Amino acid sequence: MIDKQWIGYESPPSELNLDRSRLRFFARSIGETSAIYTDVEAARAAGYADLPAPPTFLFAAELDSRASDLLLQTLEIPIAKILHGEQSFCYHGTACAGDSITVRSRVDDIYDKKNGTLEFVVKTSRATNQNNDLVAEMRSVIVVRN
């Protein structure tokens, strides 16, 4: 069982530098066809400072940063036993190419179902830019199969 003492735990921040090639690659990978995600001039014409990050990019970038792996290690959760249970986003701004995004995560809750057969870790991550402006809040639920 995951120790509930971890409720309230805040993981070390991870920093993500957004570059155009990475944003273009992600947009193409998810089948995004809007030119604002691949063409700088189209993005600027639409009012963005540069290529905007597609809506789910910050979650993928957080995974790439290995911050989620570190959290699982800290909570002693084997990666082979996890399922991605839920994900939601609340956007407060736009992350664009050239931005430096810092993600800080907090464990909000830990609970179980089916007499501990399934455990759930509720995590909220806050993404801020280089000006310390809140860009997004991401809530996820990690399911652990015992």
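Each residue of the sequence shown is one higher than the one before, counting from 3 in the working numbering. Every residue gets a Cβ at the ideal spot worked out from N, C-alpha and C, and that includes glycine. Note that the structure is predicted; figures quoted are calculated from it, not measured.
- Assignment of L74 by DSSP, reduced to helix, strand and coil, places it in the helix class.
- If you draw a straight line from the Cα of A44 to the Cα of L53, it is about 9 Å long.
- In this structure, V145 is the residue among T119, T104, V145 and T58 with its C-alpha nearest to the C-alpha of G87.
- At the C-beta level, A62 and S13 stay beyond 8 Å of one another.
- CA-CA distance, E78 to R46, rounds to 45 Å.
- Beyond the five residues adjoining it in sequence on each side, S107 comes within less than 6 Å, by CB distance, of S13, K125 and S127 in the same chain, given in chain order.
- In the structure shown, the three-state DSSP call for S23 is helix.
- Taking the Cβ atoms as the reference, V137 lies roughly 6 Å from I103, within the contact range of under 8 Å.
- A distance of 8 Å or more separates the beta carbons of Y39 and A48.
- Inter-residue distance for G10 and V123 is about 11 Å (C-alpha atoms, whole angstroms).
- Partner residues in a beta bridge of A51, as assigned by DSSP, do not exist.
- Taken through DSSP and simplified to helix, strand or coil, S13 comes out as coil.
- The residue from N131, R147, E139 and V109 with its alpha-carbon nearest to that of K6 is V109.
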